[in-house]
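Chemist: Before I ask anything, here is the structure I am working with.
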Amino acid sequence: MSLFGRKDGGSSRPAQDRSSRHSSGWAQMLKHLKSTDGLRVLDIGPTSSSNINFLTGLGHSIYMASVVPEAAEFRREGADGVEYDVDGFLSHNLSFSGRVFDVVMLWDALDYLPEPLVAPTLARLLEVMTPGAQMLAYFHSKPDGPETVFTRYHLTETEDVSMQRVGGFTVLQTFTNRQVEQMLKEYASYRFFLAKDALREVMVTR
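If you use full-length UniProt numbering, the sequence shown corresponds to residues 1 to 206, in order.
Spelled out as structure tokens, the structure:
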């Protein structure tokens with residue numbers, strides 16, 4: 001986990017292996033980021049120096065947590081089969097020393113996390129988000145295909161996100177809209193955005 005303040009976070013990686021995708025959720029989040037000063041942003045996913053530069057350039061601070069690669073470290077063989085050390089996972093990956101966040105970029109991380117870690121992750125995010133905080137989440141509608149390759153999402157000045165496919169992980173489960181609604185029932189509200197591809201977007205309010 002890494003915290004970056006309002007300063008240059010370093011040069012971004014070359015743009016090879018990237019494609020652009022229009023994101024209605026990102027378009028709404030971008031308006032929020034540009035209209036509000038000094039937000040504390042949690043970016044869930046592989047570290048993106050371009051995201052660091054983009055958000056700090058807008059005057060926000062950013063904290064990054066790459067939870068998907070860490071999940072396997074907390075897998076255990078129990079008496080009833082595979083188990084996960086949920087408390088250990090949360091403590092190692094989603095413990096922020098009292099920090100709270102106004103914006104969470106969750107992306108599609110929940111599709112790649114083992115199922116026993118999904119609900120605890122959402123519960124921990126609920127705890128560390130300020131009242132009224134915004135969260136953007138993506139959900140795959142099918143478990144395989146080229147669009148399910150594990151991706152690093154890069155923010156842009158437009159209504160598109162830049163997608164850099166890095167691979168290494170597979171979608172472990174997909175959720176129906178009803179399941180997503182149940183997962184988010186403790187949050188104040190949520191809004192689904194229609195998409196032309198197999199990636200659904202949800203804007204969530206704490």
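Backbone N, C-alpha and C define an ideal beta-carbon position, used for all residues, glycine too.
1. Mapping the DSSP letters down to three states, classify P116 as helix, strand or coil.
2. According to the neighbour-count rule (16 or more other Cβ atoms, all chains shown, within 10 Å of its Cβ), is R76 buried or exposed?
3. Give me, in chain order, the residues of the same chain whose beta-carbon lies closer than 7 angstroms to that of E186; leave out the 5 immediate sequence neighbours on both sides.
4. What are the partner residues of Y190, as DSSP defines its beta bridges?
5. Go ahead and pull the three-state DSSP assignment for L126.
6. By how many angstroms is the C-alpha of T151 removed from the C-alpha of D17?
7. Alpha carbons only, please: which of Q28, L136, G98, A72 is nearest the one belonging to P114?
8. Look at the Cβ atom of V204, then the Cβ atom of A137, and state whether they are nearer than 8 angstroms.
9. Have a look at the DSSP bridge pairing and note the partners of T56.
10. Put T151 into one of helix, strand or coil per three-state DSSP.
11. Could you tell me the alpha carbon to alpha carbon distance between Y112 and R99, rounded to whole angstroms?
12. By Cβ distance below 7 angstroms, which residues in the same chain neighbour Q173 in space, the five residues on each side in sequence not counted?
13. Buried or exposed: L194, going by 16 or more other Cβ atoms within 10 Å of its Cβ?
14. Within 10 angstroms of the Cβ of T130, are there 16 or more other Cβ atoms? Answer buried if so, exposed if not.
15. Fully enclosed by the region 156 to 181, which beta strand (DSSP E) runs are 3 residues long or longer?
16. Cutting at 7 angstroms between CB atoms, please list the residues of its own chain near G45, excluding the five before and the five after it.
17. Short of 7 angstroms in beta carbon distance, which residues of its chain neighbour A27, apart from the five on each side in sequence? Order them along the chain.
18. Could you give the distance in angstroms between the alpha-carbon of S189 and the alpha-carbon of L33?
19. Any idea what DSSP makes of D17, helix, strand or coil?
20. Would you say F101 and A79 are within 8 angstroms of each other, going by their C-beta atoms?
Modeler: According to the structure data:
1. Assignment of P116 by DSSP, reduced to helix, strand and coil, places it in the helix class.
2. Under this definition R76 is an exposed residue.
3. Same-chain partners within the cutoff: L126.
4. Y190 is bridged to V204.
5. Reduced to three states, the DSSP call for L126 is helix.
6. If you take the alpha carbons of D17 and T151, they lie about 10 angstroms apart.
7. The residue with the shortest Cα to Cα distance from P114 is A72.
8. Yes, they are a contact pair.
9. The partner list for T56 (beta bridge, DSSP) is empty, contrary to what the question assumes.
10. Strand, per DSSP.
11. Taking the straight line from one Cα to the other gives about 25 angstroms.
12. Excluding its 5 nearest sequence neighbours in each direction, Q173 has C-beta neighbours in its own chain below 7 angstroms: D111, E115, listed in chain order.
13. L194 should be labelled exposed.
14. T130 is exposed by the Cβ-count criterion.
15. You should have 160 to 165.
16. S66, W107, A109, R152, Y153.
17. Same-chain partners within the cutoff: E159.
18. When rounded, the distance between both Cα atoms is 19 angstroms.
19. D17: coil per DSSP, three-state reduction.
20. It is not a contact, given that the beta carbons lie outside the stated cut-off.
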